[in-house]
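Visitor:
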Amino acid sequence: MGDALLVFGCRNEQHEYVQHRLAKHGDRVWDLVHKGAHIYVCGDAKNIVRDVPRWFVEAAMTHEGLSEDQAERFVKDMRTKGRYLEDV
Numbered sequence: 001m002g003d004a005l006l007v008f009g010c011r012n013e014q015h016e017y018v019q020h021r022l023a024k025h026g027d028r029v030w031d032l033v034h035k036g037a038h039i040y041v042c043g044d045a046k047n048i049v050r051d052v053p054r055w056f057v058e059a060a061m062t063h064e065g066l067s068e069d070q071a072e073r074f075v076k077d078m079r080t081k082g083r084y085l086e087d088v
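With the numbering used here, the residue at position 86 of the sequence shown is 86, and numbering never jumps.
1. Comparing alpha-carbon positions, which option in Lys-81, Val-52 and His-38 lies nearest Asp-44?
2. Distance, Cα to Cα, Gly-36 vs Lys-24?
3. Assuming Asp-31 is part of the alpha helix (DSSP H), what are its boundary residues?
4. List the DSSP bridge partners of Ile-48.
5. Could you give the residue range of the alpha helix (DSSP H) that holds Asp-95?
6. Going along the chain, which residues of its own chain have a beta-carbon closer than 7 Å to the beta-carbon of Asp-3, five neighbours each way excluded?
7. Considering Asp-87, what are the terminal residues of the beta strand (DSSP E) in which it resides?
8. Could you pull the start and end residues of the beta strand (DSSP E) that Tyr-40 belongs to?
Structural data, given as structure tokens:
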């Protein structure tokens, strides 16, 4: 196993959610994604299934210079390949 990054949401008084914590570590997270990382997300089905994938779409647009459609396909491809999994 290579590098790993563990991110928890709502562990402080500011109620930072997972997507906020990902943004704090955005460069490192994207470096791991670029190296083929597998992403495992678990939490509230109401918000996390919308907000965390959206963060990855925005990160793909920022870090890879992709259009929104391309970034959405990138995240969909991660899901298809088992590199992005949710337990909600």
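Just so it is clear, CB atoms sit at the ideal spot from N, CA and C, and this is done for glycine as well.
Computed from a prediction, not measured in an experiment: that's the story for all the values here.
Guide: Quick answer:
1. Val-52
2. 20 Å
3. 26 to 34
4. None; Ile-48 has no bridge partner.
5. Examination of residue 95 is not possible in this model, given that the chain is present from 1 through 88 alone.
6. Leu-32
7. For Asp-87, the uninterrupted beta strand (DSSP E) run begins and ends at 84 to 87, by DSSP.
8. It spans 39 to 42 - the beta strand (DSSP E) in which Tyr-40 sits, taken as one unbroken run.
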